[in-house]
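Worksheet: one structure, shown below.
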């Protein structure tokens with residue numbers, strides 16, 4: 001297994017360049033296969049001849065020809081999005097924003113390459129991708145926007161509605177009453193003339209408070 005090899009060595013195993021394996025029981029060197037050509041012992045519960053990948057555990061492994069690598073979780077639970085260039089959960093079919101080759105990049109938090117990462121991936125509302133654990137780390141820090149494009153990473157409609165009510169219920173001092181400022185909305189891209197308020201600047205187009213004063 002390349003993962004076991006890479007964890008123990010100071011270099012990575014080029015999995016598709018492996019030309020031979022040695023049976024640890026009978027010692028015969030042979031081309032990669034699921035079973036030993038000499039003694040017949042199984043080399044693993046899963047074997048992919050394309051990736052030269054072995055695994056002793058059943059994790060629902062499957063090979064995606066379009067990705068060019070093996071993935072886990074069951075082929076019936078995933079589909080390949082041609083525009084994003086990666087396999088996603090069937091729950092995201094027709095339910096995600098496509099970003100071309102979005103998985104062929106590093107996680108914006110830990111910088112690990114996402115495409116062949118073995119960690120679960122989160123597809124944000126904007127279409128950018130991030131490790132689920134890194135996404136939860138951001139949420140724990142009360143950061144709810146994409147680290148790449150600053151769009152809201154979650155459905156924030158209820159939060160904006162609550163914040164709007166708080167703004168309406170919290171008058172500003174007289175010297176700030178009626179003061180208008182320009183704000184760029186990170187969610188819809190609209191530039192608004194909006195009332196200045198210490199609790200936030202509301203986008204006049206979509207109602208988001210994910211804005212930046214210009």
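Residue numbers (the UniProt record's numbering): 1 to 214. A virtual CB, placed ideally from N, CA and C, is assigned to each residue, including glycine. All values derive from a computational prediction rather than experimental measurement.
{"Item": "Please report the Cβ distance between residue 70 and residue 80, rounded to the nearest whole angstrom; I am assuming they are in contact, meaning their Cβ atoms lie under 8 Å.", "Value": "Going by Cβ atoms, the distance from residue 70 to residue 80 rounds to 13 Å, so no, they are not a contact pair."}
{"Item": "At what residues does the beta strand (DSSP E) containing residue 167 begin and finish?", "Value": "Here residue 167 belongs to no beta strand (DSSP E); instead the alpha helix (DSSP H) covers 157-169."}
{"Item": "Kindly indicate which three-state DSSP category residue 86 falls into: helix, strand or coil?", "Value": "strand"}
{"Item": "Compare the C-alpha of residue 191 against each of 176, 129, 208 and 198 and name the closest.", "Value": "208"}
{"Item": "Let me check understanding here. Comparing Cα to Cα, which of 50, 77 and 65 lies closest to residue 59?", "Value": "77"}
{"Item": "Please classify residue 77: does DSSP put it in a helix, a strand, or coil?", "Value": "helix"}
{"Item": "Quickly, what does DSSP pair residue 185 with across the bridge? List them, please.", "Value": "211"}
{"Item": "Between residue 194 and the rest of its own chain, which residues show a CB-CB distance below 6 Å, the 5 nearest in sequence each way excluded?", "Value": "183, 201, 202 and 204"}
{"Item": "Measure the C-alpha to C-alpha separation of residue 21 and residue 63 and round it to an integer number of angstroms.", "Value": "20 Å"}
{"Item": "Which value, in whole angstroms, describes the spacing of the CA atoms of residue 177 and residue 168?", "Value": "12 Å"}
{"Item": "Since residue 23 and residue 38 should fall inside the 8 Å C-beta cutoff, what is the C-beta to C-beta distance between them, to a whole number of angstroms?", "Value": "6 Å"}
{"Item": "Assign residue 145 to buried or exposed, taking buried as 16 or more other Cβ atoms, counted over all protein chains shown, within 10 Å of its Cβ.", "Value": "buried"}
{"Item": "Identify, in the order they occur along the chain, each residue of the same chain with its Cβ nearer than 6 Å to the Cβ of residue 179, setting aside the five sequence neighbours on each side.", "Value": "196"}
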